[in-house]
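K.L.:
Residue numbers (our numbering): 115 to 222.
Quick one: this structure, given as C-alpha cells, is what I'll be asking you about.
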Amino acid sequence: MLKLQVEGNANQVQPFLLDLDRRSDLVVKKYENFIADLQPEDKVSVTCYVDRSPNPRRRMRIAQLLCQDGVEIQIPLIDVIEADMMNGIRLITGRSYDIFADKKKRAI
C-alpha cells in the first residue's frame, strides 16, 4: 500500500482526488484530513492510502457505443479513464489489444 500526501489549493486538490478515484487500476482505501465545503483558494493537505487493484477484471471495462441506426458496438478496454468534456461530450481512453493481429499483414 502507498501513502500519498497531496497538498495545494482546494481547486487543484479536489479534481486530482476525483481523478484518483476514477482510476480502475487503483483502490483508494482511506482519506485523512479531507474537509468538505472548501473555498477554491483554501490550502489543503490530504493523506491517501492507495493500493493497486488485486482484481485484474477491475482494470477492464467495456465501452459501449450506440450508433444512430441502433447498432451497439462493444469495445473491451484496459485501464479506462473517463472525463466529461464541455457540451455533453465524454472522453473515454484506454488500451485494447488484438492478440490475433498478424504483424506481417500490417500496412506501412
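From the three backbone atoms N, C-alpha and C, an ideal C-beta is built for every residue, glycine too.
#1: Is residue 147 near the ligand GDP, in the sense that its beta carbon is under 7 Å from a heavy atom of that ligand?
#2: Report the CB separation of residue 139 from residue 175 in whole angstroms; it is logged as a contact under 8 Å.
#3: Since residue 136 is in the alpha helix (DSSP H), which residue starts that stretch and which ends it?
#4: Is it the case that the Cβ atoms of residue 160 and residue 180 are separated by a distance below 8 Å?
#5: Counting only the same chain and skipping the five closest in sequence on each side, list residues whose C-beta sits under 6 Å from that of residue 118.
#6: Less than 8 Å between the beta carbons of residue 156 and residue 201, yes or no?
#7: In this structure, what does DSSP give as the bridge partners for residue 165?
#8: Return helix, strand or coil for residue 174, following the three-state DSSP convention.
#9: Just how far apart, CA to CA, sit residue 147 and residue 213?
#10: On the CB-based measure, 16 or more other CB atoms within 10 Å of its CB, does residue 185 come out buried or exposed?
#11: Residue 203 and residue 194 - do their beta-carbons sit closer together than 8 Å?
P.N.:
The answer reads as follows:
#1: As for the ligand GDP, it is missing from this structure, which has no ligand bound.
#2: With 8 Å as the limit, residue 139 and residue 175 do not qualify as a contact, their Cβ atoms being about 11 Å apart.
#3: 124-136
#4: Cβ distance not < 8 Å, so residue 160 and residue 180 don't count as in contact.
#5: A distance below 6 Å between beta-carbons, with the five flanking residues on each side excluded, links residue 118 to the following residues of its chain, in chain order: 162, 164.
#6: no
#7: 141.
#8: strand
#9: 45 Å
#10: exposed
#11: no
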